[in-house]
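Have a look at the structure below before the remarks.
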Amino acid sequence: MANDSLVSVVSKFYSTYMTSTPNRLKIVDAYLLYILLTGIIQFVYCCLVGTFPFNSFLSGFVSCVGSFVLGVCLRVQSNPENKADFTTISPERAFGDFIFAHVVLHLVVMNFIG
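Residue numbers (the working numbering): 292 to 405.
The structure is reproduced here in structure tokens:
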């Protein structure tokens, strides 16, 4: 009984997501899923194999976390439902800020690797 309820909730969520979410946000969501999976894989690898080049692991993991946070910020700012909260920020400006912050993030990460 509970399994049927869970399946119906997931099915309803998926159908609502596919019909009401703009394609631009779906692309950002796919990017967020990719970054999340990359961070999980790095963490599992660290637990199984070890952290011999610790700076490399830490840089990669910080890059994943930072990229995920920047992606969430991009999604929030470019969501049409949040237009009232971000009246002065267009989706193009949000994307520009996202790219600039990514460049800064990856400069810091590359500097940390050494």
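Glycine included, every Cβ here is placed at the ideal spot set by N, Cα and C.
So residue i and residue j are in contact, right, with Cβ under 8 Å, and what is the actual spacing, rounded?
i, j, result
"Gly330", "Phe359", "7 Å"
"Leu450", "Asn373", "Because the chain spans 292 through 405 in this model, residue 450 falls outside it and cannot be assessed."
"Leu361", "Leu396", "7 Å"
"Asn346", "Ile404", "6 Å"
"Val400", "Ser350", "5 Å"
What are the boundary residues of the alpha helix (DSSP H) that residue i is part of?
i, result
"Glu383", "Pro382 to Ile404"
"Lys374", "Note, Lys374: premise wrong, no alpha helix (DSSP H); not H, not E."
"Asn346", "Phe345 to Ser369"
"Thr329", "Asn314 to Val340"
Candidates the options: which alpha carbon is nearest residue i's?
i, options, result
"Ser381", "Arg366, Ser354, Ala392 and Val394", "Arg366"
"Leu323", "His393, Phe391, Cys337 and Cys355", "Cys355"
"Leu398", "Thr310, Phe343 and Gly357", "Gly357"
"Asn402", "Ser306, Met309, Val353 and Gln368", "Val353"
Under 7 Å: does the beta carbon of residue i sit that close to some heavy atom of the ligand NAD?
i, result
"Val367", "You won't find the ligand NAD in this model; it holds no ligand whatsoever."
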